[in-house]
Amino acid sequence: DAGVTQSPTHLIKTRGQQVTLRCSPKSGHDTVSWYQQALGQGPQFIFQYYEEEERQRGNFPDRFSGHQFPNYSSELNVNALLLGDSALYLCASSLRQGYNSPLHFGNGTRLTVT
Amino acid sequence: SQQGEEDPQALSIQEGENATMNCSYKTSINNLQWYRQNSGRGLVHLILIRSNEREKHSGRLRVTLDTSKKSSSLLITASRAADTASYFCATDGSNFGNEKLTFGTGTRLTIIP
């Protein structure tokens, strides 16, 4: 049973460019959340997708957008990259409104913006 | 912004000793969770305690919650080298504990063999 998978594992981009990160949820999960983790900090919530719609959003600008596909996989897009966007981007999946369904995290995508 | 802070920021103990780390948070919660993160990897869920619970156990883990003080503690007994990791508390206003989680700043635990 595959857990949460993310691709790519590492990525280097230049300021101003755009990036797309991908996530496949754990089998049986229908909800995907994205988190940004700066070096030495705890993860910060970006947004959550369920039924192909953004359901909740954290304090991130519109440059951060996402998508969920019918097979529950998800993409995170970041436009007009800034140096401060350099971070580990974590995808987590869960079962919507599941009392015994904590978040399952992937190993993340390390984004470096130069 | 971070909901809370873990204390201490870093902790080094000998293998076999107990490790205690604390978490403080700011707003009212429905539940509090603890996660472990090995270096550069994803987070692993350890335990969830609900706001109406005061203590919970899972294997070598013991979690307490004091909602009047807005604080929680995680105790790891009989530590092992494999427990070396960063530990984060996370709060969530939902009933399910899997929606908009707010994480603390983490405690980096090092177990010395």
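Those sequence lines, one after another, are chains R and H. Position 33 of the first sequence, counting from 1, maps to 81 under this note's numbering, and the rest follow consecutively. Position 8 of the second sequence, counting from 1, maps to 40 under this note's numbering, and the rest follow consecutively. Built from N, CA and C at the ideal position, the CB exists for glycine as well.
Count the other CB atoms, across all protein chains shown, that sit within 10 Å of the CB of residue i; report buried if there are 16 or more and exposed otherwise.
i, result
"R/D133", "buried"
"H/I61", "buried"
"R/P109", "exposed"
"H/P40", "exposed"
"R/R111", "exposed"
"H/R68", "buried"
"H/S90", "exposed"
Is there at least one Cβ from chain H nearer than 8 Å to residue i's Cβ?
i, result
"R/I60", "no"
"R/S149", "yes"
"R/Q116", "no"
"R/S142", "yes"
Please list, in chain order, all residues of the same chain as residue i whose beta carbon is under 6 Å from its beta carbon, the five residues on each side excluded.
i, result
"H/S33", "Summary for H/S33: the model assigns pLDDT 47, below 50, so the residue's position carries little reliability; its value from the coordinates is reported in the next sentence. Here the set comprises nothing."
"R/S81", "Q96, A140"
"R/S55", "R70"
"H/T142", "S44, T116"
"H/P145", "E47, A113"
"H/C55", "G36, E38, S104, C121, G136"
Within its chain, find whatever has a CB closer than 8 Å to the CB of residue i; leave out the 5 residues flanking it on each side and keep chain order.
i, result
"R/S45", "Nothing about residue 45 of chain R can be reported from this structure: the residues present for chain R run from 49 to 162 only."
"R/P150", "S142"
Skipping 5 residues on each side, what residues in its chain have a beta carbon closer than 7 Å to that of residue i?
i, result
"H/I15", "This structure does not reach residue 15 of chain H, given that chain H is present from 33 up to 145, and the question cannot be answered."
"H/N70", "A117"
"R/Q116", "V80, Y97, E100, S122"
"H/K88", "I79, I81, V95"
For residue i, which three-state DSSP category applies?
i, result
"H/A42", "strand"
"R/G114", "strand"
"H/D124", "strand"
"R/D133", "helix"
"H/D98", "strand"
"R/A140", "strand"
"H/A113", "helix"
"H/I79", "strand"
"H/Y67", "strand"
"H/T59", "coil"
For residue i and chain R, any beta-carbon pair shorter than 8 Å?
i, result
"H/R73", "yes"
"H/T134", "yes"
"H/L93", "no"
"H/G125", "no"
"H/H77", "yes"
"H/T27", "With chain H covering only 33 through 145, there is no way to say anything about residue 27 of chain H."
"H/Q65", "yes"
- Take every Cβ of the region 94-110 of chain R, pair it with every Cβ of the region 58-66 of chain R, and state whether three or more of those distances are shorter than 8 Å. no
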